[in-house]
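Trainee:
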Amino acid sequence: MTRLWTPWRMAFIQGEKPRECIFCTKPRENRDRANYILYRGRHNYIILNAFPYASGHLMIVPFAHVPSLEDLEPAVTAEMMELTKRALTALRVAERPEAFNVGVNIGKAAGAGIADHVHLHVVPRWVGDNNFMPVIGNARLLPEMLETTYEKLIAAGIAASP
Ligand SMILES: [Zn+2]
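The letter at position 11 of the sequence shown is residue 62 when you use my numbering, and the numbering goes up by one with no holes.
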């Protein structure tokens, strides 16, 4: 078995867990750039993952604090898909990936880091980027700085009017 050094994940796993849900508190703070919130829709927002598996790894998060997709109103899940499309369009320009993984981990046993507040992952992929291991094995190649990813996605129009 290959062992992979993943200090960024350990920082997440061992770090002080905030008592409040970060998916609820970050949008309330109204400092979107500092929190890497890229776009706010009516029911959901787009935010960069602070512990990315790949450059451009972002999440679509409903404002509602619920654990699973079926707890959300139809308008909310419909907008989640619209924002996913918006993210894919911008990521193709900003990061030029060859493929994507789009998925939702529902429940801790499925790998959800924050299981109480459902969110959808969009992970850009490249041929030869360790296959699926970065996604399922908590390993990844060195991503670019989050600030750089943020600026590239803004430049690519992720927050542009529909
Ligand atoms: Zn929450």
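Ideal Cβ positions, reconstructed from N, Cα and C, are used throughout, including at glycine.
(1) So, is residue 200 buried or exposed, given that buried needs 16 or more other C-beta atoms within 10 angstroms?
(2) My guess is that residue 126 and residue 94 are in contact by the Cβ rule of under 8 Å, so how many angstroms apart are they, rounded?
(3) Using DSSP with H/G/I as helix, E/B as strand and the rest coil, what is residue 175?
(4) Taking only heavy atoms of ligand 1 into account, decide whether any of them is closer than 8 Å to the Cβ of residue 168.
(5) Starting from the C-beta of residue 130, find all residues in its chain whose C-beta is less than 7 Å away, skip the five residues before and the five after it, and write them out in chain order.
(6) I want to check one thing, is the minimum distance from the CB of residue 116 to the heavy atoms of ligand 1 below 8 Å?
(7) For residue 208, tell me which candidate among 145, 77 and 106 has the shortest Cα-Cα distance.
(8) Can you say whether residue 176 is buried or exposed, counting buried as having 16 or more other CB atoms within 10 angstroms of its CB?
(9) Tell me the rounded alpha-carbon separation between residue 195 and residue 106.
(10) With DSSP as the reference, please indicate the residues paired to residue 154 in a beta bridge.
Mentor: In this structure, then:
(1) So residue 200 counts as buried.
(2) Taking C-beta atoms under 8 Å as the contact rule, residue 126 and residue 94 qualify, at a distance of about 6 Å.
(3) strand
(4) Yes, ligand 1 has a heavy atom inside 8 Å of this Cβ.
(5) 92, 93, 94 and 95
(6) Flag set: Cβ of residue 116 near ligand 1.
(7) For the residues 145, 77 and 106, the minimum Cα distance to residue 208 belongs to 145.
(8) Burial state of residue 176 is buried, judged by a 10 Å Cβ sphere holding 16 or more other Cβ atoms.
(9) When rounded, the distance between both Cα atoms is 6 Å.
(10) 172
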